[in-house]
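Peer 1: Below is a structure I'd like to ask you about.
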Amino acid sequence: MITAGIDLGTQSVKVVILKDGTVVSRGKAFSGFDPAKAAEQAFDEALKQAGISSSDVLHVTATGSGMDLAPNAHSTVSMMGADAKAGVYLFPTARTVVDVGAEEARAVKCDNKGIMVDFVVNERCAAGAGTFIEAMARALEVKLEEMGPLSLKAERASSINASCVIFGESDVVSLIHRQESKPEIARAIFDAMADR
Numbered sequence: 015m016i017t018a019g020i021d022l023g024t025q026s027v028k029v030v031i032l033k034d035g036t037v038v039s040r041g042k043a044f045s046g047f048d049p050a051k052a053a054e055q056a057f058d059e060a061l062k063q064a065g066i067s068s069s070d071v072l073h074v075t076a077t078g079s080g081m082d083l084a085p086n087a088h089s090t091v092s093m094m095g096a097d098a099k100a101g102v103y104l105f106p107t108a109r110t111v112v113d114v115g116a117e118e119a120r121a122v123k124c125d126n127k128g129i130m131v132d133f134v135v136n137e138r139c140a141a142g143a144g145t146f147i148e149a150m151a152r153a154l155e156v157k158l159e160e161m162g163p164l165s166l167k168a169e170r171a172s173s174i175n176a177s178c179v180i181f182g183e184s185d186v187v188s189l190i191h192r193q194e195s196k197p198e199i200a201r202a203i204f205d206a207m208a209d210r
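Per my numbering, the sequence shown starts with residue 15, numbered consecutively.
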């Protein structure tokens, strides 16, 4: 059986296609001003990678802030519900899933079947969200995908006290001027995000 999941986020649309419960392809597109069109593009990309047509997909489930815009969706699921199910699918022993989106961060507690038990959401400013990490990566002049590995190289912790991207960037500039290393600053960014 071939199924698909579409996550229509505020910044990007992600699609995954599964065959008999195994991921066979993925697609991604920038949400932009037309999230429905972006969903179609990401879906088409995933279909092409899988070598199938949309008529081969028996069920499509949508999630995300724009889930109601998903073309061909047969059902929807809350973002927290999707986090719990995906977390246990990818990591069977996981009982907590942290999802950092463009505008919010969520921590979801789940059971061994991927059913959400509890959750918390941070929507304050952009601190604790993907937008914050992207802005800080630009301030450090590193690629976004380098931030995690870079932070793991830190030998000690610095601190960022800001709860806002604008002030957070100011804190990062201050750390740069104090000649803190990039790994220490990257760690401080993730520590600040976790504290939020």
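Cβ atoms here follow ideal geometry from the backbone N, Cα and C, with glycine treated the same way.
The structure presented is a predicted model; accordingly, all values stated were derived computationally and were not measured.
#1: Quick check: Ala18 and Val74, are their CB atoms within less than 7 Å of each other?
#2: Any idea if Glu198 is buried or exposed, counting beta-carbon neighbours within 10 angstroms, 16 or more meaning buried?
#3: Below 8 Å, how does it come out for the region 106–119 and the region 156–168: are there three or more Cβ pairs, yes or no?
#4: Give a yes or no on contact between the region 78–98 and the region 42–53, applying the rule of three or more CB pairs nearer than 8 Å.
#5: For the alpha helix (DSSP H) containing Met94, name the first residue and the last one.
#6: The beta strand (DSSP E) that contains Ile39, what's its start and end?
#7: Could you name each continuous beta strand (DSSP E) segment of 3 residues or more that falls completely within the region 115–173, going from the start of the chain to the end?
#8: Could you tell me whether the Cβ atoms of Val29 and Phe47 are closer together than 7 Å?
#9: In three-state terms, what does DSSP make of His88?
#10: Would you decide whether Ser69 is buried or exposed? Buried here means 16 or more other CB atoms lie within 10 Å of its CB.
Peer 2: Taking the definition as stated:
#1: Position 4 of the sequence shown holds residue 18. Position 60 of the sequence shown holds residue 74. In contact: Ala18 and Val74 (Cβ atoms closer than 7 Å).
#2: By 1-based counting over the sequence shown, the position of residue 198 is 184. Counting of Cβ neighbours within 10 angstroms places Glu198 among the buried residues, the total reaching 16 or more.
#3: Touching, no, given that fewer than three Cβ pairs across the two stretches are closer than 8 Å.
#4: With contact defined as three or more Cβ pairs closer than 8 Å, the region 78–98 and the region 42–53 are in contact.
#5: Here residue 94 corresponds to residue number 80 of the sequence shown, with the count starting at 1. Annotation for Met94: the continuous alpha helix (DSSP H) segment containing it runs 93–104.
#6: For this step, residue 39 is matched to residue 25 along the sequence shown. Residue 39 is actually Ser in this sequence, not Ile. Per DSSP, Ser39 is one residue of the beta strand (DSSP E) stretching across 36–44.
#7: Counting whole runs of 3 or more residues, the region 115–173 contains the beta strand (DSSP E) stretches 119–124, 130–136.
#8: By 1-based counting over the sequence shown, the position of residue 29 is 15. By 1-based counting over the sequence shown, the position of residue 47 is 33. Not closer than 7 Å, so no.
#9: Taking the first residue of the sequence shown as position 1, residue 88 is located at position 74. Coil, per DSSP.
#10: Counted from its first residue, the sequence shown places residue 69 at position 55. Exposed, since its Cβ has fewer than 16 Cβ neighbours within 10 Å.
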